[in-house]
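**Q** Shown below is the structure under consideration.
Number of protein chains: 2
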Amino acid sequence: MPPIDESASEFAVLSFLRSRLPAGEGGEVFVGDDAAVLEPPPGRLLLATDMLVEGIHFDLGLTTLEDAGWKAIAANVSDMAAMGGEPLHAVVALAAPEGGGSLEALLNGLEQAAEHFGVRLVGGDLSSAPSWFVAVAITGTCGDRPAVLRSGAREGDRIFVTGPLGASAAGLRQLRSGGAHDKAIEHLLVAYKRPEARIAEGIAAARAGATAMIDVSDGLTRDLGHVAEESGVGFQLFEVPVATGASEEEALGGGEDYELVFTVRGDHVLRHFEEEGLRKPIEIGRCTGDPGERTLRQEPLSVSGWEHSFASRRGGAPPVG
Amino acid sequence: MPPIDESASEFAVLSFLRSRLPAGEGGEVFVGDDAAVLEPPPGRLLLATDMLVEGIHFDLGLTTLEDAGWKAIAANVSDMAAMGGEPLHAVVALAAPEGGGSLEALLNGLEQAAEHFGVRLVGGDLSSAPSWFVAVAITGTCGDRPAVLRSGAREGDRIFVTGPLGASAAGLRQLRSGGAHDKAIEHLLVAYKRPEARIAEGIAAARAGATAMIDVSDGLTRDLGHVAEESGVGFQLFEVPVATGASEEEALGGGEDYELVFTVRGDHVLRHFEEEGLRKPIEIGRCTGDPGERTLRQEPLSVSGWEHSFASRRGGAPPVG
Chain A
1 MPPIDESASE FAVLSFLRSR LPAGEGGEVF VGDDAAVLEP PPGRLLLATD
51 MLVEGIHFDL GLTTLEDAGW KAIAANVSDM AAMGGEPLHA VVALAAPEGG
101 GSLEALLNGL EQAAEHFGVR LVGGDLSSAP SWFVAVAITG TCGDRPAVLR
151 SGAREGDRIF VTGPLGASAA GLRQLRSGGA HDKAIEHLLV AYKRPEARIA
201 EGIAAARAGA TAMIDVSDGL TRDLGHVAEE SGVGFQLFEV PVATGASEEE
251 ALGGGEDYEL VFTVRGDHVL RHFEEEGLRK PIEIGRCTGD PGERTLRQEP
301 LSVSGWEHSF ASRRGGAPPV G
Chain B
1001 MPPIDESASE FAVLSFLRSR LPAGEGGEVF VGDDAAVLEP PPGRLLLATD
1051 MLVEGIHFDL GLTTLEDAGW KAIAANVSDM AAMGGEPLHA VVALAAPEGG
1101 GSLEALLNGL EQAAEHFGVR LVGGDLSSAP SWFVAVAITG TCGDRPAVLR
1151 SGAREGDRIF VTGPLGASAA GLRQLRSGGA HDKAIEHLLV AYKRPEARIA
1201 EGIAAARAGA TAMIDVSDGL TRDLGHVAEE SGVGFQLFEV PVATGASEEE
1251 ALGGGEDYEL VFTVRGDHVL RHFEEEGLRK PIEIGRCTGD PGERTLRQEP
1301 LSVSGWEHSF ASRRGGAPPV G
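Those sequence lines, one after another, are chains A and B.
Residue numbers 1 to 321, in my numbering, belong to the letters of the first sequence in order.
Residue numbers 1001 to 1321, in my numbering, belong to the letters of the second sequence in order.
Spelled out as structure tokens, the structure:
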């Protein structure tokens, strides 16, 4: 097997993938045809796509292609988790620059994350390009539960988050400042480079009757804002759980934490998480009837999440090149 | 509604998409959540992805962003057709350079093709990037028929193609030479800019018992070579149908025609196409028992299709920038 780098032909890469990926089971067909042939889930099918672009979402001066591969899968899995679902299959469109680094490292990261999150990589497309692009599309299912949408929150619903926030943004800050050699901030670097996706937590929230849910990919203020907009409610936050080593600003505005924020009625929420042996979600606020209301400790919140604008860079990475 | 260009925020683009795309039907959810929630098909689920990269697959000096949007959908629909399936839903990961052109033009092309081919655009992701990048992922179904794979061809099977080849490559040649103003070559430009995908033909071939099938995306020699490799057969071609205005070299090696090549046994093939009112497929050769055999009129064929190598540009576009 020749090394897989940016000079490899598509055929060599496909051969490499086929030697490492499952060939399909029970009549299913994965890599090697015009399309994968899959057993559809019994319930509704979830479908989403999320991409990483070099210089926008990651900077190879700060992180590796292996980490970028991991993150591309994690971000997509998190979209399934945010619906109360679990991931099934993924396809990857991958564009690599000539001399831009190791395609094998990126594939390793994709594969490690796919195994970690229980996703099957079943196909892809490959091209050269001026810079790295990794677009993953993912399928999933909620089984016999309805999907949890952004639009179901109502006045009076309690707001929970599955964990402390800001670690990813703080990890990026440490990387940028060159102060990333301190053991005490290792957890921040891991949060930035190898984020988790909260599949079990999303299912527990759905079982507990979550009325709306979203993952914290753009920052709590912004993502909870999406729920508020879709549901026609406002929100009052009592507190924001800040990851050790992160600032409250990073917890509110830093993206890519991939914790889940959900709204729910009633008092049985914690029990559902305890029964599954999961960390208790943290109650952070209430939904209100005023769609314009967005407060923290009774002070108005400014939208400080990552702006997905074409005029600005996003996702934490500084301009590159 | 503000104009949608590369300075638009992701929220503005999502609002634009939601104003133009279906909101979902019968409990389905399309744009606006972390994932689309879809009714799965009754049979097997097909899943594929195909991308276009500016400077590799298209050159904005020769073609428009609207055409690129069309082609991104057509290439994916063609993957469904090549399995004997029909398309269902698609998601789009779209990266656009600042000041690089009109995002709305690209969205128009995606939307026109989606309507033309009967695909529902149900979600996407958007980023800035150094250059244009369009990755589409698509789902489809074969209904109650098994999918037609590349691996089922056997010695003695007849080889058919659904139409003449080379028009797309000839259209690109005309565009490059600046001779694209002649009415007589309009069909070549259309073949390059607005390719069809042969959904009905793929279904007819599947119903006729096609043993293997592939779409001509990389050139007949190369694509039929994939079938031969997967099936463990060789092939003898009697003739190659050349599109008016194209050369035999373009018919053999030019990609992106998106006609279907299939192998089949027996004499009932043409009847299945006639019954559906489809153009008769053209018989071009036979599968043989020697996996090394690849001949045209008894002369060895060289692999002249587009080389998907990172060392060379592909898809017809010359190096850009």
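Glycine included, each C-beta is placed from N, C-alpha and C at the ideal position.
Since this is a predicted model, take the numbers as computed values, not measurements.
Output the residue ranges of the beta strand (DSSP E) runs that lie fully inside the region 135-189 of chain A and measure 3 residues or longer, sorted by chain position.
**A** Those beta strand (DSSP E) runs which fall completely within the region 135-189 of chain A and span 3+ residues are 158-161.
**Q** Taking the alpha helix (DSSP H) that alanine 74(A) falls in, what are its first and last residues?
**A** Here the alpha helix (DSSP H) through alanine 74(A) covers 65-81.
**Q** Under the DSSP definition of a beta bridge, which residues are partnered with leucine 260(A)?
**A** In the DSSP output, where bridge partners are listed per residue, leucine 260(A) has Asp215(A).
**Q** Restricting to runs no shorter than 3 residues, where is the beta strand (DSSP E) found entirely within the region 1079-1112 of chain B?
**A** With a minimum length of 3 residues, the continuous beta strand (DSSP E) runs that stay inside the region 1079-1112 of chain B are 1086-1096.
**Q** Counting only Cβ pairs nearer than 7 Å, list the residues of chain B close to glycine 123(A).
**A** Neighbours of glycine 123(A) on chain B, chain order: Leu1047, Ala1048 and Thr1049.
**Q** Looking at leucine 121(A) and leucine 110(A), is the spacing between their C-beta atoms short of 9 Å?
**A** Yes, Cβ-Cβ distance for leucine 110(A) and leucine 121(A) is below 9 Å.
**Q** To the nearest whole angstrom, what separates the beta carbons of threonine 1263(B) and aspartate 1157(B), a pair I think is in contact under 8 Å?
**A** Yes, they are in contact, since the Cβ atoms of threonine 1263(B) and aspartate 1157(B) sit about 4 Å apart, within 8 Å.
**Q** Give me the chain B residues within the contact set of isoleucine 56(A), using Cβ-Cβ distance strictly less than 7 Å, ordered along the chain.
**A** Ser1127, Ser1128 and Ala1129, listed in chain order.
**Q** Give me the Cα-Cα distance between aspartate 1290(B) and glycine 1234(B), rounded to the nearest whole angstrom.
**A** Straight-line Cα distance between these residues: approximately 5 Å.
**Q** Report, in whole angstroms, the separation of the C-beta atoms of histidine 1272(B) and alanine 1197(B), which I expect to be a contact under 8 Å.
**A** Not confirmed; about 19 Å, so no contact.
**Q** Suppose only complete runs of 3+ residues qualify. What are the beta strand (DSSP E) ranges in the region 1222-1307 of chain B, listed by chain order?
**A** Those beta strand (DSSP E) runs which fall completely within the region 1222-1307 of chain B and span 3+ residues are 1234-1237, 1260-1264, 1282-1288 and 1294-1296.
**Q** From the DSSP secondary-structure annotation, give me the bridge partner or partners of glycine 124(A).
**A** Answer is Val92(A).
**Q** Does the Cβ of lysine 71(A) have 16 or more other Cβ atoms within 10 Å, making it buried, or fewer, making it exposed?
**A** So lysine 71(A) ends up on the buried side.
**Q** Quick check: alanine 1246(B) and glycine 1255(B), are their CB atoms within less than 9 Å of each other?
**A** Result no, Cβ atoms of alanine 1246(B) and glycine 1255(B) do not sit closer than 9 Å.
**Q** Can a CB atom of chain A be found closer than 9 Å to the CB of glycine 1140(B)?
**A** With 9 Å as the cut-off, glycine 1140(B) counts as an interface residue toward chain A.
**Q** Bridge partners for valine 1031(B) per DSSP, in chain order?
**A** Bridge partners of valine 1031(B): none, in fact.
**Q** Under DSSP, the beta strand (DSSP E) around alanine 981(B) begins and ends at which residues?
**A** What the structure shows of chain B is the stretch from 1001 to 1321, and residue 981(B) is not part of that stretch, so it cannot be assessed.
**Q** Nearest to arginine 1279(B) by alpha carbon, out of Thr1162(B), Arg1173(B), Glu1239(B) and Arg1176(B)?
**A** For arginine 1279(B), the nearest C-alpha among the options comes from Thr1162(B).
**Q** Can you tell me whether alanine 1075(B) is buried or exposed, with buried defined as 16 or more other CB within 10 angstroms of its CB?
**A** Buried: at least 16 other Cβ atoms inside 10 Å.
**Q** Could you list the residues in the region 1151-1164 of chain B with a C-beta less than 9 Å from some C-beta on chain A, going in chain order?
**A** Those residues of the region 1151-1164 of chain B that come within reach of chain A (Cβ to Cβ, closer than 9 Å) are Ser1151.
**Q** Applying the criterion that 16 or more other CB atoms from any shown protein chain within 10 Å of the CB defines a buried residue, is proline 281(A) buried or exposed?
**A** Result: buried.
**Q** So, do the region 1164-1173 of chain B and the region 1079-1098 of chain B have three or more beta carbon pairs nearer to each other than 8 Å?
**A** Cβ pair count under 8 Å is below three, so no.
**Q** Over the uninterrupted beta strand (DSSP E) stretch that includes leucine 1046(B), give me the two end residues.
**A** Residues 1045-1053.
**Q** Of all Cβ atoms in chain A, is any one closer than 9 Å to the Cβ of arginine 1194(B)?
**A** No, no contact with chain A.
**Q** Going by the CB atoms, is the gap between valine 92(A) and leucine 1047(B) shorter than 9 Å?
**A** Not closer than 9 Å, so no.
**Q** Would you mind telling me which residues of chain A sit closer than 9 Å to isoleucine 1214(B), beta carbon to beta carbon, in chain order?
**A** Correct list: Asp33 and Asp34.
**Q** Is it buried or exposed, alanine 208(A), if we count other Cβ atoms within 10 angstroms and call 16 or more buried?
**A** It counts as buried.
**Q** To which residues of the same chain is alanine 153(A) closer than 6 Å at the C-beta, ignoring the five residues directly before and after it?
**A** Result list for alanine 153(A): Thr211, Ala212, Val227, Ser231, Val233, Thr263 and Cys287, in chain order.
**Q** On the DSSP letters alone, give me the boundaries of the beta strand (DSSP E) that valine 1037(B) sits inside.
**A** Per DSSP, valine 1037(B) belongs to the beta strand (DSSP E) from 1036-1038.
**Q** Is alanine 1311(B) close to chain A? Criterion is C-beta to C-beta, closer than 9 Å.
**A** For alanine 1311(B), the predicted structure reports a pLDDT of 31, less than 50, and the residue's modelled location is therefore unreliable. A value from the coordinates is still provided. Taking Cβ atoms only, chain A reaches closer than 9 Å to alanine 1311(B), which makes this a yes.
**Q** Give me the Cα-Cα distance between glycine 1054(B) and isoleucine 1199(B), rounded to the nearest whole angstrom.
**A** A quick correction: the sequence has glutamate, not glycine, at residue 1054(B). So the two alpha carbons sit approximately 27 Å from each other.
**Q** Consider the Cβ of aspartate 144(A): report whether some Cβ of chain B lies at a distance smaller than 9 Å.
**A** False, the Cβ-Cβ gap to chain B never drops below 9 Å.
**Q** Serine 78(A) CB to nearest chain B CB: under 9 Å?
**A** True, the Cβ-Cβ gap to chain B drops below 9 Å.
**Q** List, in order along the chain, the chain A residues whose C-beta lies closer than 9 Å to that of glutamate 991(B)?
**A** The structure shown has nothing for residue 991(B), since chain B only spans 1001 to 1321.
**Q** Answer yes or no: does any C-beta atom of chain A fall closer than 9 Å to that of alanine 1228(B)?
**A** Not closer than 9 Å to any Cβ of chain A, the Cβ of alanine 1228(B) fails to qualify, so no.
**Q** Would isoleucine 964(B) pass as a contact of threonine 1049(B) if the rule is Cβ separation under 9 Å?
**A** Beyond the ends of chain B as shown, which are 1001 and 1321, falls residue 964(B); an answer cannot be given.
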